[in-house]
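Here's the structure we're looking at; comments come further down.
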Amino acid sequence: MIDPADRLNIVEEYYFSKKLREISELEASGKSIINMGVGSPDLQPPSQVVEVLKNSLNDEKAHQYQSYKGLPELRKAIANFYKEQYYVRLNSETDILPLMGSKEGIMHISMAFLNPGDEVLIPNPGYPTYASVTNLVGAKPVFYNLKEENKWLPDLSQLAAQDLTKVKLMWISYPHMPTGAKATKKVFEDIVEFAKKHKILVVNDNPYSFILNGYPLSFLNIKGSKEIGLELNSISKSFNMAGWRVGMVVGKKKYIESILKVKSNMDSGMFYGLQKGAIKALQSGAIWFSSLTSIYRQRRELVWELAEILNCTYDKHAAGLFVWARLPEESSNSIDYVDLILKNKGVFITPGSIFGSQGEGYIRFSLCVDEELIQEAINRF
Ligand SMILES: Cc1ncc(COP(=O)(O)O)c(C=O)c1O
Numbered sequence: 381m382i383d384p385a386d387r388l389n390i391v392e393e394y395y396f397s398k399k400l401r402e403i404s405e406l407e408a409s410g411k412s413i414i415n416m417g418v419g420s421p422d423l424q425p426p427s428q429v430v431e432v433l434k435n436s437l438n439d440e441k442a443h444q445y446q447s448y449k450g451l452p453e454l455r456k457a458i459a460n461f462y463k464e465q466y467y468v469r470l471n472s473e474t475d476i477l478p479l480m481g482s483k484e485g486i487m488h489i490s491m492a493f494l495n496p497g498d499e500v501l502i503p504n505p506g507y508p509t510y511a512s513v514t515n516l517v518g519a520k521p522v523f524y525n526l527k528e529e530n531k532w533l534p535d536l537s538q539l540a541a542q543d544l545t546k547v548k549l550m551w552i553s554y555p556h557m558p559t560g561a562k563a564t565k566k567v568f569e570d571i572v573e574f575a576k577k578h579k580i581l582v583v584n585d586n587p588y589s590f591i592l593n594g595y596p597l598s599f600l601n602i603k604g605s606k607e608i609g610l611e612l613n614s615i616s617k618s619f620n621m622a623g624w625r626v627g628m629v630v631g632k633k634k635y636i637e638s639i640l641k642v643k644s645n646m647d648s649g650m651f652y653g654l655q656k657g658a659i660k661a662l663q664s665g666a667i668w669f670s671s672l673t674s675i676y677r678q679r680r681e682l683v684w685e686l687a688e689i690l691n692c693t694y695d696k697h698a699a700g701l702f703v704w705a706r707l708p709e710e711s712s713n714s715i716d717y718v719d720l721i722l723k724n725k726g727v728f729i730t731p732g733s734i735f736g737s738q739g740e741g742y743i744r745f746s747l748c749v750d751e752e753l754i755q756e757a758i759n760r761f
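Sequential numbering from 381 applies to the sequence shown in the numbering used here.
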C-alpha cells in the first residue's frame with residue numbers, strides 16, 4: 381500500500397461530493413429528493429451555441445491539439461465581451477488567458493504566485509476552493525470575516541490593523557458567493573488602495589455578475605486595479621454552460637504570462653468545438669441576459685416564499701444564483717438543520733457553515749431548480 385502525499389491530510393473531500401452520494405443512495409432507495417443545493421444551471425445554453433459546436437466538428441483542425449492560449453478569436457470575443465459588458469479594455473493578445481472554468485484558475489493563480497509559507501486572505505464565508513488550494517500549494521489561509529451587518533463586505537480597516545507582511549494574495553468574489561452581496565465601485569476602489577499599500581495581489585472571482593444583477597461590475601474597471609489585480613470569470617453561470625468548462629483569467633500581461641507558465645505545463649489547449657461555442661455564447665448580448673433574469677426572478681420569488689415558510693430572513697437586493705437565508709434563532713446548527721429537512725421532507729438545501737464559520741446560522745438555496753419543483757418543495761412543508 382502506497383501512502384498518499386502529506387498535502388492530502390490538510391484537505392477534505394468536498395462537502396457536495398459526499399452529500400450528492402448520499403442523495404443518490406436515497407433516490408436509489410425510492411425517495412424523491414428535490415435538490416436545491418448545487419449551483420449547476422439546469423437551463424439550456426443559447427440555442428446557436430450548440431449548433432456552432434456541432435458544425436465545428438468537421439473543421440480541418442477540430443481534433444488537433446489547440447493553442448495553450450486559446451483561439452485568437454476566443455480571446456477577441458472575451459475582449460469584446462469585457463468592453464461591452466464591463467467597459468473594460470483588454471488587449472486580446474496579452475491580457476486574456478482562457479481557462480477550463482474559473483475553478484481551474486484558482487489553482488493556476490495560486491501555483492503561479494504563492495510560495496510555501498505565504499499567507500492568503502480568504503473570505504469567510506466564501507467559496508471553499510480558495511482555502512483548499514491555498515493549503516495544497518503549502519501557503520497559509522488567513523480568513524477575513526464577512527458579516528451581515530457590514531453587508532458581507534471586507535472590513536479593510538480591521539484588516540489593515542493585522543500583520544500583513546506575509547500576505548501575498550487576497551481572494552474576493554463580488555457578487556459574492558454564497559451571500560449574493562454586491563460590491564460598489566467605491567468598495568473596489570478601497571480594495572485597490574489597500575492592496576497597493578500592502579503589496580497584495582487581489583483576485584476577484586466574478587462568475588455571477590450576470591445573474592439577477594442590474595449592474596455587472598468588473599474589478600478591472602477600477603483605476604489602478606490592473607497593477608495589483610486579476611479577475612476570473614466564466615461562462616458556466618452566465619450562459620448555462622457549466623459542464624463545458626470554459627472560463628478566463630484577465631489582467632496585466634506580466635501576470636497572465638506567469639499563469640500561462642503554470643497552465644502550459646499542466647494541460648493543453650481546450651477542445652476546438654468548445655472554444656467555437658464559447659465565442660458564440662459571448663456574443664449573445666442583452667436579450668439573452670434579460671431572458672435569464674426573468675426566469676431566475678420568478679424562481680427567486682418562490683424560493684423567498686419557501687424561506688418565509690421556514691421562518692428565515694433574506695436580502696431582497698442580493699445578486700447571483702442563490703438565496704442566502706438566515707435561520708431562525710432557535711434553530712440548531714445549519715448542518716443538522718439541513719439533514720433534518722432532507723430526512724423529513726426530501727428537500728436538500730446547502731448548510732451555510734460549509735462556506736466557513738461565518739456561514740453558520742444560514743442556509744443557501746440554489747435557483748437552479750425549475751418552478752414546478754420549487755412549488756413541490758413548498759407543498760412538502
Ligand atoms: C465563487 C465561485 N467561483 C468559482 C466557481 C467555479 O466555476 P467554474 O469553474 O464553473 O467557472 C464557482 C462555482 O460554483 C463559484 O461559486
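For glycine and all other residues, C-beta sits at the position ideal for the given N, C-alpha and C.
- By a beta-carbon distance limit of 8 Å, M621 contacts P425. Their separation comes to about 5 Å.
- Contact annotation, G481 with S614: C-beta distance approximately 6 Å; criterion of less than 8 Å satisfied.
- Annotation for D570: no beta strand (DSSP E) segment contains it, though the alpha helix (DSSP H) segment containing it runs K565 to H578.
- Look at M628 here: in three-state DSSP terms it is strand.
- Here L477 really is in contact with L640; their C-beta atoms are around 6 Å apart, less than 8 Å.
- DSSP places K411 outside any alpha helix (DSSP H), giving it a letter other than H or E.
- The Cβ-Cβ distance between I743 and V718 falls below 8 Å.
- DSSP links P555 through a beta bridge to no other residue.
- Assignment of P452 by DSSP, reduced to helix, strand and coil, places it in the helix class.
- Taking all protein chains in view, the Cβ of R677 is surrounded by fewer than 16 other Cβ atoms within 10 Å, so the residue is classified as exposed.
- Taken through DSSP and simplified to helix, strand or coil, K660 comes out as helix.
- K633 has its CB no nearer than 7 Å to any heavy atom of ligand 1.
- Counting the other Cβ atoms within 10 Å of the Cβ of I382 gives fewer than 16, which makes it exposed.
- Contact check between the region 701-713 and the region 462-469: fewer than three CB pairs, one atom from each, fall below 8 Å, which does not count as touching.
- Of the residues assessed, T509 falls on the buried side of the cut-off, its CB having 16 or more other CB atoms within 10 angstroms.
- If you check the C-beta of Y554 against ligand 1, you find no heavy atom less than 7 Å away.
- Judged by pairs of C-beta atoms under 8 Å, the region 723-730 does not touch the region 485-493, as fewer than three such pairs exist.
- With fewer than 16 other beta carbons inside 10 angstroms of its own, Q538 counts as exposed.
- A distance criterion of 7 Å places the beta-carbon of A622 in contact range of ligand 1, judged by its closest non-hydrogen atom.
- Assigned with DSSP and collapsed to three states, V703 falls in strand.
- Contact annotation: the region 539-550 touches the region 496-506, with at least three C-beta pairs closer than 8 Å.
- With respect to G631, V572 sits apart: the two C-beta atoms are not nearer than 8 Å.
- CA-to-CA, the gap between N504 and Q444 works out to about 42 Å.
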